[in-house]
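Shown next, in structure tokens, is the structure this report addresses.
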Amino acid sequence: MAHMIDGDELAAELRAEIEEEVSVLRLSAVRPGLATVVVGQDQEAHWYERHLRRLAESLDYRYSCDQLEEYATLDDVVATIGKLNADPRITGILVLRPLPGHISEHQVSAAVDPRKDVEGMHPWNLGLLAMGTPRFVPSTPAACFYLLDAYARSRALNPISFYRGKTLVIVGRSMSVGKPLAFLGLQRDTTVVVCHSRTAEAGHLAEHVARAQILVAAAGEPGLIRGDMVSDGVVAVDVGTNAVQDQVSGKVYLTGDLDLPSVSAKAEAITPVPGGVGPVTDVWLIGNVLAAAAMAAQVEPRFGALITRRLLLEKD
Ligand code: NAP
7 MAHMIDGDEL AAELRAEIEE EVSVLRLSAV RPGLATVVVG QDQEAHWYER HLRRLAESLD
67 YRYSCDQLEE YATLDDVVAT IGKLNADPRI TGILVLRPLP GHISEHQVSA AVDPRKDVEG
127 MHPWNLGLLA MGTPRFVPST PAACFYLLDA YARSRALNPI SFYRGKTLVI VGRSMSVGKP
187 LAFLGLQRDT TVVVCHSRTA EAGHLAEHVA RAQILVAAAG EPGLIRGDMV SDGVVAVDVG
247 TNAVQDQVSG KVYLTGDLDL PSVSAKAEAI TPVPGGVGPV TDVWLIGNVL AAAAMAAQVE
307 PRFGALITRR LLLEKD
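Count the sequence shown with our numbering and you get residues 7 to 322, in order.
Below, the structure is given as structure tokens:
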């Protein structure tokens, strides 16, 4: 059976590093401040807002949340972001998704001050990521590589040769997950294949997935990837977080895009859902708020240095 990469444990380690850095920054009177903006009544967005509030407050960050009505206009959202951009106590801004259909995601991302864009979704920050010199690495793709790096370290594998020349197959091409994953994969010298719904419609998903030495599933379809589709020894990361209702008990539970029993029977290592990518994602985002605070105060951010070391793998 595959080695299970423990996201909860790794998130706790990352959090401890952030806690230490927060206490160092406090000596220079620097305090990170996270502002969230929620538009409408989406239950998951509200649940995530409360989750982030608890996480930020437990680290003694400043925290604020603006809640806008479902019928708020793009101008209303941009005005709220403008107020937060101008507030020096706020070092990171997160506009929660999903947004109501009449609000342009691109325009919202572009309205956030790129120095406070802890999601890394501003066009400038995405451009920096594509160039291989990121300011903020989007948290979910960062979490995937954080887990993979940790796995390589735990096996005493050379982190450079762990990736170099390997075939990395990503299922999903969203702006927040699939595309940044592709840039990070290229940065590590993997050969990147990105699949999407048209790949599946054309009947080519299985053949690409079968070539994966490292596989990241981020499609949002429960059990999309089965064991009979993957190669022996694949290292598989499951981003999918799907709420599914049990047919018998009626209970709702979370499951990933990988069919865990059959894929883990063939994989070398795998991340579970829940307890894999999710917890590291949350802590990474909070770490980006810390890095933003350090950058705003022009204090050398050690977390920033860690990002460089861990996510870009300084080349020999
Ligand atoms: P998204 O914006 O809906 O994108 C899904 C991507 O998957 C799209 O590119 C889509 O293709 C592709 N896709 C859908 N069905 C497919 C299929 N049958 N075969 C191949 N590709 C398929 O979703 P997202 O925001 O990237 O999130 C993806 C999943 O990750 C969701 O389950 C979400 O809940 C989860 N997630 C988890 C975390 C975490 O921290 N754990 C964070 C973010 C997201 P097209 O582009 O052609 O439509």
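No residue lacks a Cβ here, since even glycine has one placed at the ideal position from N, Cα and C. Small disclaimer: the values here were computed from a predicted structure and weren't measured.
Where residue 164 falls: helix, strand or coil (DSSP): As a working mapping, residue 164 is identified with position 158 in the sequence shown. Note: residue 164 maps to coil in three-state DSSP.
According to DSSP, which residues form a beta bridge with residue 244? One-based indexing of the sequence shown puts residue 244 at position 238. Partner residues in the beta bridge of residue 244, as assigned by DSSP, are 223.
How should residue 254 be labelled, buried or exposed, when 16 other C-beta atoms within 10 angstroms of its C-beta is the threshold for buried? Residue numbering aside, residue 254 sits at position 248 when the sequence shown is read from its first letter. Around the C-beta of residue 254, fewer than 16 other C-beta atoms lie within 10 Å, and the residue is accordingly described as exposed.
Three-way DSSP call (helix, strand, coil) for residue 24 in this model: Working through the sequence shown from its first residue, we reach residue 24 at position 18. The answer is helix: DSSP assigns residue 24 an H, G or I state.
For residue 122, count neighbouring C-beta atoms within 10 Å of its own C-beta (all shown protein chains included) and say buried if the count is 16 or more, exposed if not. Mapped onto the sequence shown, residue 122 falls at position 116. The residue is buried, with at least 16 neighbouring Cβ atoms inside 10 Å.
Helix, strand or coil: which one does DSSP assign to residue 305? Position 299 of the sequence shown, counting from 1, holds the residue named residue 305. The answer is coil: DSSP assigns residue 305 none of H, G, I, E or B.
Less than 6 Å between the CB of residue 178 and some heavy atom of the ligand NAP, yes or no? Here residue 178 refers to the residue found at position 172 of the sequence shown. Yes, the beta carbon of residue 178 sits closer than 6 Å to at least one heavy atom of the ligand NAP.
Between residue 192 and the rest of its own chain, which residues show a CB-CB distance below 7 Å, the 5 nearest in sequence each way excluded? As a working note, residue 192 is residue 186 in the sequence shown. Excluding positions up to five away in sequence, the list reads 198.
Straight-line gap, residue 87 to residue 118 (C-alpha atoms, nearest Å): Here residue 87 is taken as the residue at index 81 of the sequence shown, counted from 1. Here residue 118 is taken as the residue at index 112 of the sequence shown, counted from 1. For residue 87 and residue 118, the distance between alpha carbons rounds to 6 Å.
From 264, 32 and 269, residue whose alpha carbon lies closest to that of residue 233: As a first step, residue 233 is located in the sequence shown; it is residue number 227 there, counting from the start. Restricting attention to 264, 32 and 269, the CA atom closest to the CA of residue 233 is found in 269.
For residue 67, the nearest candidate out of 106, 282 and 27 (CA to CA): Here residue 67 is taken as the residue at index 61 of the sequence shown, counted from 1. Nearest to residue 67 by alpha-carbon distance, out of 106, 282 and 27, is 27.
Under 6 Å: does the beta carbon of residue 98 sit that close to some heavy atom of the ligand NAP? Translated into the one-based positions of the sequence shown, residue 98 becomes position 92. Outside the cutoff, so no.
Short of 7 Å in beta carbon distance, which residues of its chain neighbour residue 179, apart from the five on each side in sequence? Order them along the chain. Residue mapping note: residue 179 aligns to position 173 of the sequence shown, counting from 1. Counting only Cβ-Cβ distances below 7 Å, and skipping sequence neighbours, we find 185, 200 and 202.
Using the Cβ count rule (16 or more neighbours within 10 Å means buried), how would you classify residue 250? Position 244 of the sequence shown, counted from the start, is the residue given in the question as residue 250. Burial is judged here by how many other beta carbons sit within 10 angstroms of a residue's own beta carbon; residue 250 has fewer than 16 and is exposed.
Note down the Cα distance separating residue 227 from residue 154, rounded to an integer number of angstroms. Residue numbering aside, residue 227 sits at position 221 when the sequence shown is read from its first letter. Residue numbering aside, residue 154 sits at position 148 when the sequence shown is read from its first letter. Inter-residue distance for residue 227 and residue 154 is about 22 Å (C-alpha atoms, whole angstroms).
Does any heavy atom of the ligand NAP sit closer than 6 Å to the C-beta of residue 287? Along the sequence shown, read from residue 1 onward, the residue named residue 287 stands at position 281. Placement of the Cβ of residue 287 at a distance of less than 6 Å from at least one heavy atom of the ligand NAP is found.
Taking C-alpha atoms, which residue in 299, 222 and 72 lies nearest to residue 273? Here the question's residue 273 lines up with position 267 in the sequence shown. Looking at the Cα atoms, 222 is the closest of the given residues.
Residue 275 - partner residues in DSSP beta bridges: To locate residue 275, count along the sequence shown from 1; it is residue 269. Paired residues: 9 and 241.
So the beta strand (DSSP E) residue 39 belongs to, where does it begin and stop? Within the sequence shown, numbered from 1, the residue matching residue 39 stands at position 33. DSSP places residue 39 inside the beta strand (DSSP E), whose first and last residues are 39 to 45.
Would you tell me roughly how many angstroms separate the C-alpha atoms of residue 80 and residue 91, rounded to the nearest one? Numbered from its first residue, the sequence shown carries residue 80 at position 74. Numbered from its first residue, the sequence shown carries residue 91 at position 85. When rounded, the distance between both Cα atoms is 16 Å.
Go to residue 99, then tell me how far its alpha helix (DSSP H) extends in each direction, as first and last residue. Translated into positions along the sequence shown, residue 99 becomes position 93. Segment 98 to 101 is the beta strand (DSSP E) holding residue 99; no alpha helix (DSSP H) there.
I'd like to confirm something about residue 52: is its beta-carbon nearer than 6 Å to some heavy atom of the ligand ZN, or not? Ligands in the displayed structure: the ligand NAP; the ligand ZN is not one of them.
Tell me the rounded alpha-carbon separation between residue 38 and residue 98. As a first step, residue 38 must be located in the sequence shown, where it is residue number 32. As a first step, residue 98 must be located in the sequence shown, where it is residue number 92. C-alpha separation (whole angstroms): 8 Å.
Using beta-carbon positions only, say whether residue 157 and residue 194 come within less than 7 Å of one another. Against the sequence shown, residue 157 aligns to sequence position 151. Against the sequence shown, residue 194 aligns to sequence position 188. Remark: C-beta atoms of residue 157 and residue 194 do not approach each other more closely than 7 Å.
The ligand NAP heavy atom lying under 6 Å from the CB of residue 203: The count along the sequence shown starts at 1 and reaches residue 203 at position 197. For the ligand NAP, at least one heavy atom lies less than 6 Å from the Cβ of residue 203.
Looking at the unbroken beta strand (DSSP E) that takes in residue 70, where does it start and where does it end? For the purposes of this step, residue 70 is taken as residue 64 along the sequence shown, with counting starting at 1. Counting along the chain, the beta strand (DSSP E) containing residue 70 begins and ends at 68 to 74.
Neighbourhood of residue 284 by C-beta, 7 Å cutoff - its chain only, sequence neighbours within 5 removed: For the purposes of this step, residue 284 is taken as the residue at position 278 of the sequence shown. The residues are 13 and 247.
Quick one: what's got a C-beta closer than 8 Å to residue 24's C-beta in the same chain, skipping five residues either side? As a working note, residue 24 is residue 18 in the sequence shown. Listed in chain order, the non-local C-beta contacts of residue 24 below 8 Å within the same chain comprise 65, 289, 292, 293, 296 and 309, local neighbours out to five positions each way being set aside.
Which residues in the same chain as residue 365 place their Cβ atom closer than 7 Å to its Cβ, once the five residues preceding and following it in sequence are excluded? The requested residue 365 does not occur in the structure, where the chain is confined to residues 7 to 322.
Leaving aside the five residues before and after residue 286 along the sequence, list all residues of the same chain whose C-beta is less than 7 Å from its C-beta, in chain order. Counting from one through the sequence shown, the residue named residue 286 turns up at place 280. If we look at residue 286 and ignore the five residues flanking it on each side, its Cβ neighbours are 13, 16, 17, 20, 149, 152 and 153.
Rounded straight-line distance, which links the Cα of residue 44 to that of residue 252: One-based indexing of the sequence shown puts residue 252 at position 246. One-based indexing of the sequence shown puts residue 44 at position 38. In this structure, the straight-line span from the alpha carbon of residue 252 to that of residue 44 is close to 30 Å.
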